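Below is one structure; the comments refer to it alone.
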């Protein structure tokens, strides 16, 4: 008997929640749905496979049997899976309606049905956050069939009154005092029968489409934010409202800068001479060049704040600050001449105790030089 790893089929961990299971199935159902892959037998088989996995893992009882006894335990309990795609549509009529706004089966009534919401991820570079950005987004979704206008039947052939229920949509069965009324199995409660289903949408009332949208992303938006685009989800049927499009923002990390609220944080590497004497340096900064004033005697770890050069607040537009954390670079090697000058400087400044450590013995000279620089820059600790 072939082993089936339903968790691997849906791409989820074994401790996945019901919400994670449903989300994984929706994503794969969109990818392998027969309407999106006409004539593709491989996609059809994959659609059946993921639907079988979802049927088992979304049912607590079946899932418990599967987790303990595996696929063979399910088979022994009488589980048969799906014979064909139509079985899937019948079984998951409600879930497909939740996912896509319709169930791929004729409904029992034509009351308005709202369309499903859609969710997409938008990836931005860090520099995109400094100003409003317009992006062209291509989305894939179902839209109302232009041939049948969402009715599902061939407009050239029309419909006829259902012979079984005489157009009432329900059938009544009476035996003695017992009476039961149920939805007409032929017309599914419509009261009419398609003479022929729409050749374009095969009776669903919707077709798969790619659509391009121009989306405006506001300046200063944060990673993980959600943008709602009204009425750009799946269309409704029979007068139902269209769903919304939700865009989850993902900001790629920058090599040199990161964000804290609306402030931009980075490091400024300077040499020890600039740290002692002060300096002016120019740095490239997202399309401009900034002149940074380094005060004399600045210490490692101190911050230089440039006001108004951070990110704009998404509501007020007020900009945060650029905060540069100073990192003093200590040279690992210096020339003989440089060493003499530094010794002289140390003598002038009265730090002979440091200088004496430089040349006691050749074996320890490297470590002692490093200690000298540490004390020279960072001071005694």
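Residue numbers (the numbering used here): 5 to 385. We put the CB at the ideal spot given by N, CA and C, even for glycine. Just so we're clear, the structure is a prediction, and the values are computed from it rather than from any experiment.
Quick one: complete alpha helix (DSSP H) runs, 4+ long, within the segment 251-305? 276-281
Three-way DSSP call (helix, strand, coil) for residue 151 in this model: coil
Would you please state the rounded distance, in angstroms, between the beta carbons of residue 169 and residue 204? I believe it to be under 8 Å. Their Cβ separation, rounded to whole angstroms, is 28 Å, which puts residue 169 and residue 204 out of contact at 8 Å.
Measure from the alpha carbon of residue 58 to the alpha carbon of each residue in 76, 75, 47, 13, then state which is nearest. 13
Identify whether residue 318 lies in helix, strand or coil by the three-state DSSP scheme. coil
Does DSSP put residue 76 in a helix, in a strand, or in coil? helix
Given residue 310, which residues of its chain have a CB within under 6 Å of its CB, disregarding the five upstream and five downstream residues? 326
What is the residue span of the alpha helix (DSSP H) that residue 24 lies within? 22-36
Less than 8 Å separating the beta-carbons of residue 33 and residue 54? yes
Do residue 239 and residue 119 have their C-beta atoms closer together than 8 Å? yes
Would you list the residues sitting across from residue 198 in a DSSP beta bridge? 163
Rounded C-alpha distance that separates residue 278 from residue 295: 14 Å
Helix, strand or coil: which one does DSSP assign to residue 213? strand
Contact set for residue 207: own chain, Cβ-Cβ below 8 Å, skip 5 residues either direction: 110, 156, 157, 198, 201
Among 135, 250, 25, nearest to residue 317 - alpha-carbon criterion: 135
Output the distance between the C-alpha atoms of residue 332 and residue 229, rounded to the nearest integer angstrom. 37 Å
Beta carbon of residue 256 nearer than 8 Å to that of residue 324: no
Compare the Cα-Cα distances from residue 273 to each of 244, 248, 151, 303 and report the closest residue. 303
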